[in-house]
Structures are given as C-alpha cells and as structure tokens.
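Residues in the sequence shown are numbered from 1205 upward in steps of one, following this note's numbering. Down below is the structure, laid out as structure tokens.
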Amino acid sequence: MERSGCRALVLWPSFKDIAFLDILAEVDNTQLEQFEFLITYSEGEQETQLPGRLFSRPTVSYSDLAMSKIVYQR
C-alpha cells in the first residue's frame, strides 16, 4: 500500500464473505496512515462498524460519491 501512493481506500466489508475488516486489523498502522479518505460500498447490507483507526478519516459511501458532482482538488 505504501508504495502505491494511494490516498483513498475503497472498502466493501462483506464482499464474497471475505473478512476484510479482520484483514485490515492485522495491517500495521503506519501503512494505513497514507489513506486520507475512506469510501465504503455495500449492496444493501447492514452498515458495518469500522475499526477506530479507519473511522477518523473522512468517509463517504460509494453510492453518494457516484451521484455527486464533487471535484476534489489537492
């Protein structure tokens, strides 16, 4: 993740019943620090409680983002 230069993490917690939140729990905090935004995706599933270390970032749902006309400039 660190070498990618990625600034946003897109998370679909229940995708194919893979325990993505458990996987993220094992990732070192320093590797998660680069993410400035969290984009969550779901297909009607119940909202999932995000781990505290991800919760502090600005979070937007994919559906809201897809319907918006927001342009982010750094």
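Here a beta-carbon is modelled for each residue, glycine too, at the ideal position from N, C-alpha and C.
| Item | Value |
| --- | --- |
| For Leu1225 and Lys1273, I'd like the C-alpha separation in whole angstroms. | 29 Å |
| Please report the Cβ distance between Arg1207 and Glu1240, rounded to the nearest whole angstrom; I am assuming they are in contact, meaning their Cβ atoms lie under 8 Å. | Not quite, the Cβ-Cβ distance comes to about 17 Å (not below 8 Å), so this is no contact. |
| Taking the straight line between their C-alpha atoms, what separation do you get for Ser1260 and Leu1236? | 12 Å |
| Within the continuous alpha helix (DSSP H) that includes Ala1229, where are the two ends? | 1224 to 1229 |
| Excluding the five sequence neighbours on either side, which residues of its own chain have a C-beta within less than 7 Å of the C-beta of Thr1244, listed in chain order? | Leu1215, Thr1263, Ser1265, Tyr1266 |
| When DSSP labels each residue in this structure, what does Phe1241 get in the three-state scheme? | strand |
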